[in-house]
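Q:
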Amino acid sequence: MAARKLHVLIYATIANCCLFLVVCGVALGTNKWFSTSTEAAVGGITVSTSYGLFVGEKTKNNVGSRTKYSLKIVCQGSNCMFSCGQSSDARKQDIEDLLAGKGEADGNICSDIYVPATYNLNNAIRQAQDGAPERVFINFGLYLATIAFIALGMIFAIVAGVLALYNTYRTPIQPVLSVSGLYVWNGIAAASILLAMIMWIIQLSARLRKNAAISDTLSGSHDSSGVGSLGISFWVLILAIIFAIANIGVIRYRTWKIVKLEENNVRVMTEKLESGDILLF
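Numbering (the working numbering), first residue to last: 3 to 283.
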């Protein structure tokens, strides 16, 4: 009976699970996981870049002009980058050229017509002499792990929400399905998001801080080493962890409250028996 009086707390955990999913959806769907701004060694062209886990945007600022390009992730083997190629073939060719050590494309890779890059020996020598940035791509394993842990966290948040709703109508005898199991599901959800954030931080420190993994920096025309930073799409995941931990706190408070209510009921009954208000036959 005491547990039924506190169903509102279970409903609160369901609401938190929904908010958890919304936050994760926002993080996955926005393009502010990483941002950087670079300047060309020659020509004074600056490139501002921001991207998420799937898409992004870069803006080239030249004297009197400003051009925006859409970016999409493309992977080859264990390496990934964000390319502004208009088609999947152009993006694939882009990363293949850069992996092969070629410079910038002959023509605008961001246009509908893509002309493959050629190897320029003089350009390669100049970049080596000038200390061109290292060609460091996004690590596919860390990238995939980041997405996988977010997806795992969302799955366990859904499980926690469904089981919380189930516990408002039934009282399962299996601990993993009962209210006690909600500690586990919410804990795993929070841990999964934390691991996703750790994976991306490792990606940032080991890869993205050295090179922004776009054609401009990978080709050596721009240097982004040491200037990249985490964006709001990354930091918003902290809210998801807070919601999951809040659920654990709510469930713990509910358990404590039930114990107190039952103790109070026992005390009241004992006092009535001692005072003779209740007669036992």
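Here a beta-carbon is modelled for each residue, glycine too, at the ideal position from N, C-alpha and C.
Mind reading off the beta-carbon distance from residue 206 to residue 232? Whole number of angstroms is fine, and I expect it under 8 Å.
A: As a working mapping, residue 206 is identified with position 204 in the sequence shown. As a working mapping, residue 232 is identified with position 230 in the sequence shown. That belief holds up - the Cβ atoms of residue 206 and residue 232 are roughly 6 Å apart, short of 8 Å.
Q: CB-CB under 6 Å to residue 127, same chain, minus the five flanking residues each way: which ones, in chain order?
A: Mapped onto the sequence shown, residue 127 falls at position 125. Because residue 127 sits at a pLDDT of 48, beneath the cut-off of 50, its placement in the model cannot be relied upon, and the point is left open.
Q: By Cβ distance below 6 Å, which residues in the same chain neighbour residue 11 in space, the five residues on each side in sequence not counted?
A: Stepping through the sequence shown from its first residue, residue 11 is reached at position 9. Around residue 11: 252, 256.
Q: Check whether the stretch 138-150 touches the stretch 169-186, taking contact to mean three or more Cβ pairs, one atom from each stretch, closer than 8 Å.
A: With the cut-off at 8 Å, the stretch 138-150 and the stretch 169-186 do not touch.
Q: Apply the 10 Å Cβ neighbour rule to residue 40 and answer buried if 16 or more other Cβ atoms are within range, or exposed otherwise.
A: The count along the sequence shown starts at 1 and reaches residue 40 at position 38. Buried, because 16 or more other Cβ atoms sit within 10 Å of the Cβ of residue 40.
Q: Quick check on residue 95: buried or exposed, where buried means 16 or more other Cβ atoms within 10 Å of its Cβ?
A: Counting from 1 along the sequence shown, the entry for residue 95 is found at position 93. So residue 95 ends up on the buried side.
Q: Taking the beta carbon of residue 119 as the centre, do at least 16 other beta carbons fall within 10 Å, making it buried, or is it exposed?
A: Counting from 1 along the sequence shown, the entry for residue 119 is found at position 117. In this prediction, residue 119 scores a pLDDT of 44, lower than 50, which makes its location untrustworthy; the coordinate-derived value is nonetheless stated afterwards. Buried, since its Cβ has 16 or more Cβ neighbours within 10 Å.
Q: What does a CB cutoff of less than 7 Å around residue 124 pick up in its chain, not counting 5 residues either side in sequence?
A: Along the sequence shown, one-based indexing puts residue 124 at 122. Here residue 124 scores only 45 on pLDDT, less than 50, and its place in the model should not be relied on; the value that follows carries that caveat. Once the five neighbours on either side are set aside, residue 124 has no close Cβ partner at all.
Q: For a test of the three-state rule: what should DSSP assign to residue 176, helix, strand or coil?
A: On the sequence shown, residue 176 is found 174 positions in, with the first residue counted as 1. Note: residue 176 maps to coil in three-state DSSP.
Q: So what does DSSP say about residue 66, is it helix, strand or coil?
A: Against the sequence shown, residue 66 aligns to sequence position 64. Residue 66 falls in the coil class under three-state DSSP.
Q: Label residue 91 either buried or exposed according to how many other C-beta atoms from any shown protein chain fall within 10 Å of its C-beta, with 16 as the threshold for buried.
A: One-based indexing of the sequence shown puts residue 91 at position 89. Result: exposed.
Q: Who are the Cβ neighbours of residue 224 in its own chain at under 6 Å, not counting the five residues just before and after it?
A: Here residue 224 corresponds to residue number 222 of the sequence shown, with the count starting at 1. If we look at residue 224 and ignore the five residues flanking it on each side, its Cβ neighbours are 40, 42, 49, 218.
Q: Between the stretch 151-158 and the stretch 186-196, do at least 3 Cβ pairs fall closer than 8 Å?
A: Flag = yes, the stretch 151-158 and the stretch 186-196 touch.
Q: If you draw a straight line from the alpha carbon of residue 291 to that of residue 191, how long is it in whole angstroms?
A: Not covered by the structure: residue 291. The range shown for the chain is 3 to 283.
Q: Below 7 Å CB to CB, which residues in the same chain sit around residue 34 once its five sequence neighbours on both sides are set aside?
A: As a working note, residue 34 is residue 32 in the sequence shown. Same-chain partners within the cutoff: 52, 54, 233, 234, 235.
Q: Do residue 28 and residue 242 count as a contact pair if the criterion is CB distance below 7 Å?
A: Sequence index remark: in the sequence shown, residue 242 carries index 240 (1-based). Sequence index remark: in the sequence shown, residue 28 carries index 26 (1-based). No, they are not a contact pair.
Q: So, is residue 254 buried or exposed, given that buried needs 16 or more other C-beta atoms within 10 angstroms?
A: Position 252 of the sequence shown, counted from the first residue, corresponds to residue 254. Exposed: under 16 other Cβ atoms inside 10 Å.
Q: Can you tell me which residues form a DSSP beta bridge with residue 232?
A: Here residue 232 refers to the residue found at position 230 of the sequence shown. 36.
Q: Measuring straight from C-alpha to C-alpha, what distance separates residue 100 and residue 222?
A: Residue 100 sits at position 98 when you count from the first residue of the sequence shown. Residue 222 sits at position 220 when you count from the first residue of the sequence shown. Taking the straight line from one Cα to the other gives about 10 Å.
Q: Would you kindly work out how many angstroms separate the C-alpha atoms of residue 209 and residue 167, rounded to a whole number?
A: For the purposes of this step, residue 209 is identified with residue 207 of the sequence shown, where counting begins at 1. For the purposes of this step, residue 167 is identified with residue 165 of the sequence shown, where counting begins at 1. Roughly 43 Å between the two C-alpha positions.
Q: Quick one: what's got a C-beta closer than 6 Å to residue 162's C-beta in the same chain, skipping five residues either side?
A: Taking the sequence shown and counting its residues from 1, the one referred to as residue 162 is at position 160. The answer, listed in chain order, is 19, 184, 187, 188.
Q: Is the beta carbon of residue 57 sitting closer than 7 Å to the one on residue 74?
A: Counting from 1 along the sequence shown, the entry for residue 57 is found at position 55. Counting from 1 along the sequence shown, the entry for residue 74 is found at position 72. Yes. Within cutoff.
Q: Within its chain, find whatever has a CB closer than 6 Å to the CB of residue 229; leave out the 5 residues flanking it on each side and keep chain order.
A: Here residue 229 corresponds to residue number 227 of the sequence shown, with the count starting at 1. Here the set comprises 38.
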